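One structure is given here, and the rest of the page talks about it.
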Amino acid sequence: EEESLKALYKDAFHIGAAVNPLTIDSQRSLLAYHFNSLTAENEMKFSSLHPEENLYTFENADVIAAFAREQGMALRGHTLVWHNQTPDWLFENETGGKAERDLLLERLRSHIQTVVGRYKDVIYCWDVVNEVISDENDESAFLRPSKWLDIVGEDFIAKAFEFAHEADPQALLFYNDYNESNPHKRERIYRLVRSLLDQGVPIHGVGLQAHWNLYDPTLDDMRAAIERYAKLGLQLQLTELDVSVFRFDDRRTELTRPEKGMLELQAERYESIFRLLYEYREHISAVTFWGAADDYTWLDHFPVRGRKNWPFLFDESHAPKPAYERVAQIP
Ligand code: XIL
């Protein structure tokens, strides 16, 4: 059997995987052998946990927390404030109009108390706020338009961190986003986190989702992003790494197996990525893949429905791919 990733990287950073109740079952031995950190793929999002004002549904999240406890794995919480997978009731008042600022903040506080409190014993860090920075190229763009921003104003971000800190003073609190290596977005994320720190908001880390592919982003942009975020003096984590064999705008659906050369290119790509991460291991505390092996990934449905993307180090039968070999030889 191949060497375990978590053992190989034990002096550098955690090796994590996003899971759900199905993959905990179907990928159990792979997860237990190679990974020492987990994230719930969907089960701890607002809509999953709290679909109605007076209804919490913890079943699926509890399955993941139980697996982490049983295996002695680190568990990341994902996520408390997001514009997706968040129920409509949250933003409406009793008469069906727009919720008032105070009402929305009180609901957020109460949700965070309940959820963060419940998993305090096992979750060591939370993605408190997810994807609030704008993707626009327009120089003046900063925050993404959302109901949170519309109803509360910019301080919904600071408030979320304060509520999370109050609920679990020991938890490490992260800001998490994608396109994090894009130079425009990089500066905006830096500016947001810098200003939170200047206001004394409890924030301890920056999560780089790292939904990458064989071609984008460039290694130089990845390095520049890591350099820049490291200057904040916070810990960095890759939180949702995958390396699709397709460019984001490649909409082909006909491949039933990777083309000749794709897996070799992917191996080279993964090698350069992990060399970079290893170089910055003083700053990087965890590298989490958004899945574990090519039999299951959200990329099977996004951005193109019904095609494989083969983004991981392990293939559809959980055997190590060429990319695994390259990553394993670095430490
Ligand atoms: C994705 C899940 O993987 C999918 O199953 C779901 O349908 C949509 O959300 N950024 C994030 C993650 O922060 O929560 C998203 O997860 C992927 C993009």
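Just so we're aligned, residue 6 is where the sequence shown starts under UniProt numbering, counting upward by one. All C-beta atoms in this analysis are idealised placements derived from N, C-alpha and C, irrespective of residue type, glycine included. Quick caveat: nothing in here was measured; it's all calculated off a predicted structure.
(request) Quick one: grab the DSSP three-state call for residue 21. (result) Shown here, residue 21 sits in a strand according to DSSP, grouped into three states.
(request) List the DSSP bridge partners of residue 212. (result) Note: residue 212 sits in a beta bridge opposite 181, 242.
(message) Do residue 14 and residue 325 have their beta-carbon atoms positioned less than 8 angstroms apart in this structure?
(response) No; because the gap between Cβ atoms is not below 8 angstroms, this pair is not in contact.
(message) Quick test of the definition: if touching needs 3 or more C-beta pairs under 8 angstroms, does the region 152-172 touch the region 212-225?
(response) By the Cβ test, the region 152-172 is not in contact with the region 212-225, since fewer than three Cβ pairs between them sit closer than 8 angstroms.
(message) Any heavy atom of ligand 3 closer than 7 angstroms to the beta-carbon of residue 83?
(response) Looking for ligand 3 in the displayed structure turns up nothing; the ligands present are ligand 1.
(message) Assuming contact is defined by CB atoms lying nearer than 8 angstroms, are residue 297 and residue 36 in contact in what I supplied?
(response) Contact check for residue 297 against residue 36 passes: the beta carbons are separated by less than 8 angstroms.
(request) Go ahead and pull the three-state DSSP assignment for residue 100. (result) Correct three-state label for residue 100: coil.
(request) Measure the C-alpha to C-alpha separation of residue 242 and residue 125 and round it to an integer number of angstroms. (result) Looking at the two C-alpha atoms, the distance is approximately 20 angstroms.
(message) Using a Cβ distance threshold of 8 angstroms, determine whether the region 190-201 contacts the region 110-125, with at least three qualifying pairs required.
(response) At 8 angstroms Cβ cutoff, the stretches do not touch.
(request) Quick one: grab the DSSP three-state call for residue 83. (result) In this structure, residue 83 counts as strand in the three-state DSSP scheme.
(request) Run the CB neighbour count on residue 261, radius 10 Å, all protein chains shown included, and call it buried at 16 or more, exposed below. (result) It counts as exposed.
(message) For the pair the region 147-154 and the region 84-100, tell me if three or more CB-CB distances fall below 8 angstroms.
(response) Touching, yes, given that three or more Cβ pairs across the two stretches are closer than 8 angstroms.
(request) Under 8 angstroms by Cβ, that's how I've got residue 156 and residue 106 pegged, so tell me the actual separation to the nearest angstrom. (result) Yes, residue 156 and residue 106 are in contact; Cβ-Cβ is about 6 angstroms, under 8 angstroms.
(message) Suppose you measure from the CA of residue 129 to the CA of residue 110; what does that come to, to the nearest Å?
(response) Here the C-alpha atom of residue 129 lies approximately 24 angstroms from the C-alpha atom of residue 110.
(message) What would DSSP say about residue 28, mapped onto helix, strand or coil?
(response) Of the three classes helix, strand and coil, the one that applies to residue 28 here is helix, per DSSP.
(message) Please return the same chain residues whose Cβ sits closer than 6 angstroms to the Cβ of residue 186, not counting the five positions on each side in sequence.
(response) Excluding residues within five positions, the ones whose Cβ falls inside 6 angstroms are 222, 226, 227, 230.
(request) Using 10 angstroms around the beta-carbon of residue 182, count the other beta-carbons present and answer buried if the total reaches 16, otherwise exposed. (result) Looking at its Cβ environment, which holds 16 or more other Cβ atoms inside 10 Å, residue 182 is buried.
(message) Any contact between the region 47-67 and the region 272-292? By contact I mean 3 or more CB pairs, one from each, below 8 angstroms.
(response) The answer is no - the region 272-292 does not touch the region 47-67, with fewer than three Cβ pairs under 8 angstroms.
(message) I'd like to confirm something about residue 217: is its beta-carbon nearer than 7 angstroms to some heavy atom of ligand 1, or not?
(response) In this structure, ligand 1 has no non-hydrogen atom nearer than 7 angstroms to the beta-carbon of residue 217.
(request) Specify, as a first and last residue, the run of the beta strand (DSSP E) that residue 120 falls within. (result) Segment 106-123 is the alpha helix (DSSP H) holding residue 120; no beta strand (DSSP E) there.
(message) If we require 3 or more residues per run, which beta strand (DSSP E) segments fall completely within the region 119-207?
(response) Taking only runs of at least 3 residues, the beta strand (DSSP E) segments lying wholly in the region 119-207 are 128-135, 177-182.
(request) Can you say whether residue 159 is buried or exposed, counting buried as having 16 or more other CB atoms within 10 angstroms of its CB? (result) Counting Cβ neighbours within 10 Å, residue 159 comes out exposed, since fewer than 16 surround it.
(message) Is residue 214 a contact residue of ligand 1, with contact defined as CB to any heavy atom under 7 angstroms?
(response) Yes, since a heavy atom of ligand 1 falls inside the 7 angstroms radius drawn around the Cβ of residue 214.
(message) Following a CB-centred definition, is residue 47 positioned closer than 7 angstroms to any heavy atom of ligand 1?
(response) Checking the 7 angstroms criterion, the Cβ of residue 47 is within range of a heavy atom belonging to ligand 1.
(message) In this structure, how does DSSP classify residue 294 when only helix, strand and coil are distinguished?
(response) In the structure shown, residue 294 sits in a strand (DSSP, three-state: E or B).
(message) Can you tell me where the alpha helix (DSSP H) holding residue 52 begins and where it ends?
(response) Taken as a continuous stretch (DSSP letters only), the alpha helix (DSSP H) holding residue 52 covers 51-54.
(request) For the beta strand (DSSP E) containing residue 42, list its first residue and its last residue. (result) Here the beta strand (DSSP E) through residue 42 covers 42-45.
(request) Compute the Euclidean distance between the alpha carbons of residue 27 and residue 45, then round it to the nearest angstrom. (result) Going by the C-alpha atoms only, they are around 11 angstroms apart.
(message) Let me confirm a value: residue 77 is counted as buried when at least 16 other C-beta atoms fall within 10 Å, else exposed. Which label applies?
(response) Taking every protein chain shown into account, the CB of residue 77 has fewer than 16 other CB atoms within 10 angstroms, so this residue is exposed.
(message) Am I right that residue 337 and residue 274 are in contact with their C-beta atoms under 8 angstroms? What's the rounded C-beta distance?
(response) Residue 337 lies beyond the residue range present for the chain, which begins at 6 and ends at 336; the question has no answer from this structure.
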